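J.:
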Amino acid sequence: MTTDTAPQIELDADQPGSIRLSGRWTLHTALQSAEVLRDLPEPLTRIDATGIDQLDSAGVLQLLRVAHRADLQPDALQFREDHQALVSTIEEVADDRPKKKRDLGVLAALERLGRSMHATGQNIVALASFLGESLVKGARLVKEPRRFRLTATVHQMEQVGLDAVPLVALLSYLVGAVIAFLGSTILRDFGAEIYVVELVSIAFLREFAVLLTAIVLAGRTASAFTAQIGAMKAREEIDAMRTLGLDPMDLLVLPRIVALLITLPLLTFIAMIAGLAGGITVGAFDLDIPPQMYIARMYDTMEVRNMLVGLSKAPVFALVIGLIGCLEGLKVEGTAQSVGERTTSSVVQAISLVIILDAFAALWFMQVGW
Amino acid sequence: MTVDELNAVPAPAGDERSGDEANLAIRVRGLVNRFGTQTVHEDLDLDVRRGEILGVVGGSGTGKSVLMRSILGLRTPDEGQIEVLGRDARGGDAESRLHIQRNTGVLFQDGALFSSLTVGENVQVPLKEHHRELPERWHYELALLKVKLAGLPADAINKLPSQLSGGMRKRAGLARALALDPPLLFLDEPTAGLDPIGAAAFDRLIKTLQEALGLTVFLITHDLDTLYAICDRVAVLADRKVVANAPLAEIEKLDHPWIQEYFHGPRARAARGEQTESA
């Protein structure tokens, strides 16, 4: 910035308290002009701004404020003719925001805890009532099958189920192999490597296949549901549907939940097979258990009920994932940030709830002795 | 940059132009825009003079928005030359592009406000980005100034865009476009979706601001009232070109089928009648 364009103040020798301004008084030079405005004559009686060659609203604001502080009459602040139009549109504004209170101490922490407890409580109520609404609307489908959206459901089944097959199979295979390795390192000390077969089979059939599948779908599908429905909500598409006499529950929620209810058990079955295959692979290459022997051992020791226990949890998890994904999507409000927040919340809730339910189910099945 | 400085920017050296050419805010030559096999612009020329309000009209699909996006650098045209404020907007270096960004304000059709920020924060975004050296209090005060300038009540500054009506969102968008006191303003259908009273008030606001801040305005519109009320010149987009760029009185007389239909239809007669009555 050259000196001749910088904002400048000259004192008038004849009239004390009168100043002449020149240079540019714009947003770009705002800091410099604040600097030169710091040492003004006291008292200030007149500001001659006609020497300014460039002026914008930031400059006008600064000058108006100086004039206000010195309690000048309106005509004591003079501008060039062609700047007058700009000046007349500018009002003086001041930062009158209340000072922010800092939240510190035990009380603030308690308040936050209380608020989040309250929010969690409301969340649970919302989820329960959404479950109720879905069941009612689902029952209506039985009475009025014409409401069922077959195309949408099949489309969702493809996206939720078929497209997830490679991922679920690969992850289960690897986890199955890892369990076999871990088990063998301990069982080898007792010369009981053959028990790896039971370990992998029981772990996968009862717990891991369904849990892994549910976690993968909670991350992959719940987030997709929330984002899809949320974006539609934000763009008023859901409202448009309602005005057209279409029920978003029929159109958006039920096809997704039905698709999950059908595909999650199927994916769980695939995960079981893949996990067992992982165990067989490790057995064949690391533990000298040939596949024929491994499978024969499985036939001897396994019962169908292990698999049924695992599969029985799949529809429950499907319902949880579908309900949370759709409900969070419907909670979205107009903003882009809201879509992000809801998506995060839906994945976190779905994964947590799946694991919690699985833990309770494990206890229950053990007590019942299945 | 203010109007004075803008007007003082010399034409690029070695360029032999008449004084009139040097006084252009936007100069488009030989612009070609294609989408696949569909050609939207073919060899399009456009001049926007400094300090004028240029209304850009044309039927739907004639590429008004594409033209604006090309000038703003949001779309790379297939061919052609675009100069904004004397700088090359197409092949220019990062410095030229920054210069253009700092000196243009854009009001998109629905405001395009950042939905997770309040109106005040929206207006402060360009200030915070381009004038980090200023204290936070100044950012706020300048934002408040622009919000009031755009005709919004002061308490609108703390509201989220979703809490505003369509007309208020446009005003908030205008406040953000004006945040840096840009000499060049782009408005994409500023009065679309407003009620007639609101639209007329918005027209007056644009005119007042243009006169006070000495703006050059590139205004896309379908609104005949806006054309008659505030535009100095009108550019008509048809047949993939700017078929005319002149004051309204001259445009009306042109013998082009689309122009004839547009300016001599029942709505145009009504708009013109109103203007002559109020004049």
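In order, the protein sequence lines correspond to chains D and H.
Just so it is clear: in the first sequence, position 24 is 24 by the numbering used here, and no numbers are missing.
Quick note: to get the numbering used here, add 1000 to the position in the second sequence (first position is 1).
Yeah, the Cβ is synthetic: ideal placement off N, Cα and C, and Gly gets one too.
These figures come from a predicted structure and were not determined experimentally.
#1: Within this structure, are the beta carbons of R305 of chain D and V197 of chain D separated by less than 7 angstroms?
#2: Select from the region 1170-1199 of chain H all residues with a C-beta closer than 7 angstroms to any C-beta belonging to chain D, and list them in chain order.
#3: Starting from the C-beta of R342 of chain D, find all residues in its chain whose C-beta is less than 8 angstroms away, skip the five residues before and the five after it, and write them out in chain order.
#4: Out of curiosity, what's the CA-to-CA distance linking E1042 of chain H and H1256 of chain H?
#5: Measure the C-alpha to C-alpha separation of R1267 of chain H and L1219 of chain H and round it to an integer number of angstroms.
#6: Which residues in the same chain have their Cβ closer than 8 angstroms to the Cβ of Q1163 of chain H, if we skip the five residues on either side of it in sequence?
#7: Would you kindly check if the distance between the Cβ of P255 of chain D and the Cβ of T153 of chain D is under 7 angstroms?
#8: Under three-state DSSP, which class holds H985 of chain H?
#9: Please list the partners that A1112 of chain H has in chain D, where partner means a Cβ-to-Cβ separation under 7 angstroms.
#10: Could you tell me the distance, in whole angstroms, from the CA atom of A1011 of chain H to the CA atom of V1084 of chain H?
#11: If R80 of chain D and T50 of chain D are in contact, beta carbons under 8 angstroms, what's the gap, nearest whole angstrom?
#12: Could you name the residues that DSSP lists as bridge partners for H1041 of chain H?
#13: Less than 7 angstroms between CB atoms is the rule here; does S1116 of chain H satisfy it with respect to chain D?
#14: Mind checking P145 of chain D: buried by the 16 CB within 10 Å criterion, or exposed?
#15: To the nearest angstrom, report how far apart L986 of chain H and A126 of chain D are at their CA atoms.
#16: So with CB distances below 8 angstroms, who are the chain H contacts of Q337 of chain D?
#17: In three-state terms, what does DSSP make of L278 of chain D?
#18: Which one or two residues does DSSP pair with F1186 of chain H in a beta bridge?
#19: Starting from the N-terminal side, write out each stretch of the alpha helix (DSSP H) that is 4 residues or longer and does not extend beyond the region 190-234 of chain D.
#20: Does DSSP put A1112 of chain H in a helix, in a strand, or in coil?
#21: What separation, rounded to the nearest whole angstrom, lies between the Cα atoms of V1208 of chain H and W25 of chain D?
#22: Taking only three categories from DSSP, how would you classify Q15 of chain D?
#23: In this structure, does DSSP put I289 of chain D in helix, strand or coil?
#24: For the putative contact between H68 of chain D and E92 of chain D, defined by C-beta atoms under 8 angstroms, what is the C-beta separation to the nearest angstrom?
#25: For chain D, check one thing: does any of its Cβ atoms lie closer than 7 angstroms to the Cβ of S1165 of chain H?
#26: Could you list which residues in chain H have their beta carbon closer than 8 angstroms to that of I90 of chain D, in chain order?
#27: Could you list which residues in chain D have their beta carbon closer than 7 angstroms to that of L1134 of chain H, in chain order?
#28: How is F79 of chain D classed by DSSP in three states: helix, strand or coil?
#29: By alpha-carbon positions, which one of H:P1135, H:E1133 and H:D1203 ends up nearest to D1232 of chain H?
#30: CA-CA distance, V1243 of chain H and V1236 of chain H?
#31: When the cut-off is 7 angstroms and only beta carbons count, does R1087 of chain H lie next to chain D?
#32: Tell me, please, whether the CB atom of G334 of chain D is closer than 7 angstroms to any CB atom in chain H?
#33: Can you find a C-beta in chain D that's less than 7 angstroms from the C-beta of L1205 of chain H?
#34: Closer than 6 angstroms: is that where the CB of G1059 of chain H sits relative to any heavy atom of the ligand SAH?
#35: Can the beta-carbon of G310 of chain D be found less than 7 angstroms from the beta-carbon of A209 of chain D?
#36: Anyone know if the C-beta pair for I1230 of chain H and I1026 of chain H falls short of 7 angstroms?
T.: Well, looking at it:
#1: Walking along the first sequence from the start, residue 305 of chain D turns up at place 305. Walking along the first sequence from the start, residue 197 of chain D turns up at place 197. Contact: no.
#2: Listed by position along the chain: L1180 and D1181.
#3: In the first sequence, counting from the first residue as 1, residue 342 of chain D sits at position 342. Excluding sequence neighbours, R342 of chain D sits near T226, G230, E328, G329, K331 and V332.
#4: Locating residue 1042 of chain H in the second sequence gives position 42, counting from the first residue. Locating residue 1256 of chain H in the second sequence gives position 256, counting from the first residue. Going from the Cα of E1042 of chain H to the Cα of H1256 of chain H covers about 18 angstroms.
#5: Counted from its first residue, the second sequence places residue 1267 of chain H at position 267. Counted from its first residue, the second sequence places residue 1219 of chain H at position 219. When rounded, the distance between both Cα atoms is 20 angstroms.
#6: By 1-based counting over the second sequence, the position of residue 1163 of chain H is 163. Residues of the same chain with a CB within less than 8 angstroms of the CB of Q1163 of chain H, apart from the 5 flanking positions on each side, do not exist.
#7: Taking the first residue of the first sequence as position 1, residue 153 of chain D is located at position 153. Taking the first residue of the first sequence as position 1, residue 255 of chain D is located at position 255. T153 of chain D is a Cβ neighbour of P255 of chain D, given a cutoff of 7 angstroms.
#8: With chain H represented from 1001 up to 1279, any question about residue 985 of chain H goes unanswered, as that position is not in the structure.
#9: Walking along the second sequence from the start, residue 1112 of chain H turns up at place 112. Correct list: empty, because the minimum Cβ distance to chain D is about 12 angstroms.
#10: If you number the second sequence from 1, residue 1011 of chain H lands on position 11. If you number the second sequence from 1, residue 1084 of chain H lands on position 84. For A1011 of chain H, the predicted model reports a pLDDT of 40, less than 50, meaning its position is unreliable; a value from the coordinates is still stated below. Whole-angstrom Cα-Cα distance: 11 angstroms.
#11: Taking the first sequence and counting its residues from 1, the one referred to as residue 80 of chain D is at position 80. Taking the first sequence and counting its residues from 1, the one referred to as residue 50 of chain D is at position 50. 5 angstroms between Cβ atoms; contact.
#12: Reading the second sequence from its first residue, position 41 is the one you call residue 1041 of chain H. According to DSSP, which records beta bridges pairwise, H1041 of chain H is partnered with H:N1033.
#13: On the second sequence, position 116 is the one that residue 1116 of chain H refers to. True, the Cβ-Cβ gap to chain D drops below 7 angstroms.
#14: Locating residue 145 of chain D in the first sequence gives position 145, where the first residue counts as 1. Label assigned to P145 of chain D: exposed.
#15: Any property of residue 986 of chain H remains undetermined from this structure, which presents chain H solely from 1001 to 1279.
#16: As a first step, residue 337 of chain D is located in the first sequence; it is residue number 337 there, counting from the start. Within chain H, the residues near Q337 of chain D are S1115 and S1116.
#17: Your numbering for residue 278 of chain D matches position 278 in the first sequence. A quick correction: the sequence has Gly, not Leu, at residue 278 of chain D. Here G278 of chain D sits in helix by DSSP.
#18: Here residue 1186 of chain H corresponds to residue number 186 of the second sequence, with the count starting at 1. Note: F1186 of chain H sits in a beta bridge opposite H:V1106 and H:F1218.
#19: 196-202, 209-217 and 223-234
#20: Numbered from 1 along the second sequence, position 112 holds the residue referred to as residue 1112 of chain H. Residue state, collapsed to three classes: coil.
#21: Start at 1 with the first residue of the second sequence, and residue 1208 of chain H comes out as number 208. Start at 1 with the first residue of the first sequence, and residue 25 of chain D comes out as number 25. One detail in the question is off: residue 1208 of chain H reads as Thr in this sequence, not Val. Approximately 21 angstroms between the Cα atoms of the pair.
#22: To locate residue 15 of chain D, count along the first sequence from 1; it is residue 15. In the three-state DSSP reduction, Q15 of chain D falls in the coil class, being neither helix nor strand.
#23: Taking the first sequence and counting its residues from 1, one reaches residue 289 of chain D at position 289. DSSP places I289 of chain D outside both helix and strand once states are collapsed to three, so it counts as coil.
#24: Within the first sequence, residue 68 of chain D is the residue found at index 68, counting from 1. Within the first sequence, residue 92 of chain D is the residue found at index 92, counting from 1. With 8 angstroms as the limit, H68 of chain D and E92 of chain D qualify as a contact, their Cβ atoms being about 6 angstroms apart.
#25: Numbered from 1 along the second sequence, position 165 holds the residue referred to as residue 1165 of chain H. S1165 of chain H does not count as touching chain D.
#26: As a position in the first sequence, residue 90 of chain D is number 90, starting the count at 1. Under the 8 angstroms cutoff, chain H gives L1145 and L1149.
#27: In the second sequence, the residue the question calls residue 1134 of chain H occupies position 134. The answer, in chain order, is A30 and L31.
#28: On the first sequence, residue 79 of chain D is found 79 positions in, with the first residue counted as 1. It is a strand residue.
#29: Translated into the one-based positions of the second sequence, residue 1232 of chain H becomes position 232. Comparing Cα-Cα distances from D1232 of chain H to each of H:P1135, H:E1133 and H:D1203, the minimum goes to H:D1203.
#30: As a working note, residue 1243 of chain H is residue 243 in the second sequence. As a working note, residue 1236 of chain H is residue 236 in the second sequence. V1243 of chain H and V1236 of chain H have their C-alpha atoms some 6 angstroms from each other.
#31: Residue numbering aside, residue 1087 of chain H sits at position 87 when the second sequence is read from its first letter. No, R1087 of chain H does not count as interfacial toward chain D.
#32: Locating residue 334 of chain D in the first sequence gives position 334, where the first residue counts as 1. With 7 angstroms as the cut-off, G334 of chain D counts as an interface residue toward chain H.
#33: On the second sequence, position 205 is the one that residue 1205 of chain H refers to. Judged by the 7 angstroms Cβ criterion, L1205 of chain H is not in contact with chain D.
#34: Because no ligand of any kind appears in the structure shown, any question about the ligand SAH cannot be addressed here.
#35: Position 310 of the first sequence holds residue 310 of chain D. Position 209 of the first sequence holds residue 209 of chain D. Yes, the Cβ-Cβ distance between G310 of chain D and A209 of chain D is below 7 angstroms.
#36: Start at 1 with the first residue of the second sequence, and residue 1230 of chain H comes out as number 230. Start at 1 with the first residue of the second sequence, and residue 1026 of chain H comes out as number 26. No, Cβ-Cβ distance for I1230 of chain H and I1026 of chain H is not below 7 angstroms.
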